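Peer 1: Protein chains in written order, with our numbering: chain A, 84 to 325; chain B, 43 to 170. C-beta atoms are modelled at their ideal positions from N, C-alpha and C, and glycine is treated no differently. These numbers come from a predicted model, not from an experiment. Structure provided below as structure tokens; questions to follow.
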């Protein structure tokens with residue numbers, strides 16, 4: 084707040100346990116507004132749990148998560164658009180019906196923007212979701228997630244399992260349709276190389292603990308490393324207490 | 043398609059470098075408007091904040107000027123452009139020189155090697 088950069092998301096000593104296992108452990112993090120933030124780490128490090136906490140789908144065992152100053156409960160979905168790792172649509176709907184369905188769910192859904200994204204992604208509105216290729220289902224998910232006018236957009240592994248052409252189209256789509264003045268995007272991914280040039284900030288998680296958060300251009304400037312190189316370094320240094 | 047950037051060097055400087063080269067090659071003409079920040083971000087596949095930073099850097103170097111409410115334009119100031127030309131020449135020579143020195147070549151070897159290369163090149167004999 085001192086620096087004049089608005090903080091959009093705050094994790095305050097958050098612990099999230101599933102049964103007895105801690106997915107996040109005394110996790111504190113403050114994320115700025117208007118940035119593209121990459122949440123990276125190994126499988127099972129707690130990335131998806133962090134996104135679910137921001138979206139209010141799950142709540143912390145201890146501590147608190149706030150979005151735009153408001154505690155993240157189920158109602159936070161009015162501020163957060165969440166693309167889950169899983170498929171979340173009815174396969175018997177057509178592409179067009181899926182868009183209408185999302186429009187009916189969310190009052191902030193911008194139908195015009197959704198249409199633009201469908202055109203951009205070259206999706207056929209009459210096709211049934213179950214008949215779409217995996218790549219096109221990925222594109223459709225992106226379209227309905229990006230069409231909401233909310234301050235926070237979360238994407239859990241949006242590029243996972245898609246071919247390079249689809250991944251490229253999605254990355255370009257993010258650049259084309261996010262409103263950078265008003266929106267903050269948080270992405271978890273293993274495809275770091277693909278999104279590396281579009282990230283402002285990278286957050287590295289390991290075993291439910293925040294290892295480091297860095298400005299990506301600063302990393303390149305001061306340490307001459309790419310995100311992947313940096314991750315390996317930090318993992319090695321911080322990998323003793325496994 | 044997005045050109046690839048070196049992932050371990052600041053992208054805003056690499057992009058600034060590319061734009062400067064385009065200006066020298068006249069792919070971007072004097073006085074020409076640069077794409078908007080978002081257009082440039084999409085074209086080059088980088089974050090708009092990075093493009094913003096590139097434009098500020100270019101403005102600081104003098105190769106572009108931003109006009110309020112209109113966008114960013116390639117400068118028409120010839121002295122700035124010739125300075126830019128000289129600077130890029132010097133940078134290129136300096137990196138060539140340092141690399142050659144590191145490999146143990148003497149200054150004379152560099153100069154004669156360069157002359158030889160250029161004359162071959164002009165006769166169209168080098169394919170590489």
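Mind the definition here: the segment 206-216 of chain A touches the segment 166-182 of chain A only if three or more C-beta pairs lie below 8 Å; say whether that holds.
Peer 2: yes
Peer 1: Residues of the segment 146-157 of chain A with a CB closer than 9 Å to any CB of chain B: list them in chain order, please.
Peer 2: none
Peer 1: Under 8 Å, Cβ to Cβ, is there at least one residue of chain A near residue 90 of chain B?
Peer 2: yes
Peer 1: Using beta carbons (cut-off 8 Å, strictly below), is residue 159 of chain B in contact with chain A?
Peer 2: no
Peer 1: So, helix, strand or coil for residue 197 of chain A, using DSSP?
Peer 2: helix
Peer 1: Nearest chain B C-beta to residue 308 of chain A closer than 8 Å, yes or no?
Peer 2: yes
Peer 1: Here's the rule I'm using: 16 or more other beta-carbon atoms within 10 Å means buried, otherwise exposed. How should residue 163 of chain A be labelled?
Peer 2: buried
Peer 1: Below 7 Å CB to CB, which residues in the same chain sit around residue 103 of chain A once its five sequence neighbours on both sides are set aside?
Peer 2: none
Peer 1: Per DSSP, residue 95 of chain A is paired with what?
Peer 2: A:147
Peer 1: Could you confirm whether any beta carbon from chain A is found closer than 8 Å to the beta carbon of residue 49 of chain B?
Peer 2: yes
Peer 1: Below 8 Å on the Cβ atoms is my contact criterion, and I expect residue 110 of chain A with residue 235 of chain A to pass it. Report the Cβ-Cβ distance as a whole number of Å.
Peer 2: Rounded, the Cβ-Cβ distance is 18 Å, inconsistent with contact.
Peer 1: Of all the options B:137, B:116, B:91, which has the alpha carbon lying nearest to the alpha carbon of residue 70 of chain B?
Peer 2: B:116
Peer 1: Tell me which residues share the same chain as residue 182 of chain A and place their Cβ nearer than 6 Å to its Cβ, disregarding the 5 neighbours each side in the sequence.
Peer 2: 197
Peer 1: Name the DSSP bridge partner or partners of residue 298 of chain A?
Peer 2: A:284
Peer 1: Under 7 Å between beta-carbons, which chain B residues line up against residue 315 of chain A? List them in chain order, please.
Peer 2: Those within 7 Å of residue 315 of chain A in chain B number zero; the least Cβ separation is about 12 Å.
Peer 1: Could you tell me which residues DSSP puts in a beta bridge with residue 152 of chain A?
Peer 2: Beta-bridge pairing links residue 152 of chain A to no other residue.
Peer 1: Evaluate the contact criterion for the segment 295-305 of chain A versus the segment 131-148 of chain A: three or more CB pairs, one atom per stretch, below 8 Å.
Peer 2: no
Peer 1: Just to confirm the assignment, what range does the beta strand (DSSP E) spanning residue 165 of chain A have?
Peer 2: 163-166
Peer 1: Measuring only the C-alpha atoms, how far is residue 187 of chain A from residue 261 of chain A?
Peer 2: 21 Å
Peer 1: List, in chain order, every chain A residue whose beta-carbon is nearer than 8 Å to that of residue 135 of chain B.
Peer 2: Think of a sphere of 8 Å around the beta carbon of residue 135 of chain B: no beta carbon from chain A falls inside it, the nearest being about 23 Å out.
Peer 1: Determine which residues share a DSSP beta bridge with residue 209 of chain A and list them.
Peer 2: DSSP output for residue 209 of chain A lists no bridge partner at all.
Peer 1: Residue 90 of chain B by DSSP, collapsed to three states: which one?
Peer 2: helix
Peer 1: What does residue 84 of chain B reach in chain A if we use C-beta pairs closer than 7 Å?
Peer 2: 255, 258, 259
Peer 1: Which residues in chain A have a C-beta closer than 7 Å to the C-beta of residue 239 of chain B? List them in chain order.
Peer 2: Nothing can be reported for residue 239 of chain B: it is not among the residues displayed for chain B, which extend from 43 to 170.
Peer 1: Secondary structure at residue 159 of chain B, three-state DSSP: helix, strand or coil?
Peer 2: Three-state result, residue 159 of chain B: helix.
Peer 1: Is it a yes or a no for the segment 101-111 of chain B touching the segment 54-71 of chain B, going by three-plus beta-carbon pairs under 8 Å?
Peer 2: yes
Peer 1: For the segment 267-281 of chain A, which residues have a beta carbon sitting closer than 8 Å to at least one beta carbon of chain B?
Peer 2: 276, 279, 280, 281
Peer 1: Suppose you measure from the CA of residue 144 of chain B to the CA of residue 136 of chain B; what does that come to, to the nearest Å?
Peer 2: Spanning the two alpha carbons is a distance of roughly 12 Å.
Peer 1: Would you mind working out which of A:221, A:231, A:311 sits nearest residue 242 of chain A, comparing C-alpha positions?
Peer 2: In terms of Cα proximity to residue 242 of chain A, the closest of A:221, A:231, A:311 is A:221.
Peer 1: Would you mind reading off the limits of the beta strand (DSSP E) that contains residue 109 of chain A?
Peer 2: 104-115
Peer 1: Could you tell me the alpha carbon to alpha carbon distance between residue 148 of chain A and residue 113 of chain A, rounded to whole angstroms?
Peer 2: As the crow flies, the alpha-carbon of residue 148 of chain A is around 10 Å from that of residue 113 of chain A.
Peer 1: Please list the terminal residues of the continuous alpha helix (DSSP H) segment that includes residue 269 of chain A.
Peer 2: Careful: residue 269 of chain A lies outside any alpha helix (DSSP H), inside the beta strand (DSSP E) at 267-271.
Peer 1: Look at the alpha carbon of residue 145 of chain A and the alpha carbon of residue 155 of chain A, and state the distance between them as a whole number of angstroms.
Peer 2: 13 Å
Peer 1: Just grab the DSSP bridge partners of residue 239 of chain A for me.
Peer 2: Answer is A:271, bridged to residue 239 of chain A.
Peer 1: For residue 311 of chain A, which three-state DSSP category applies?
Peer 2: helix
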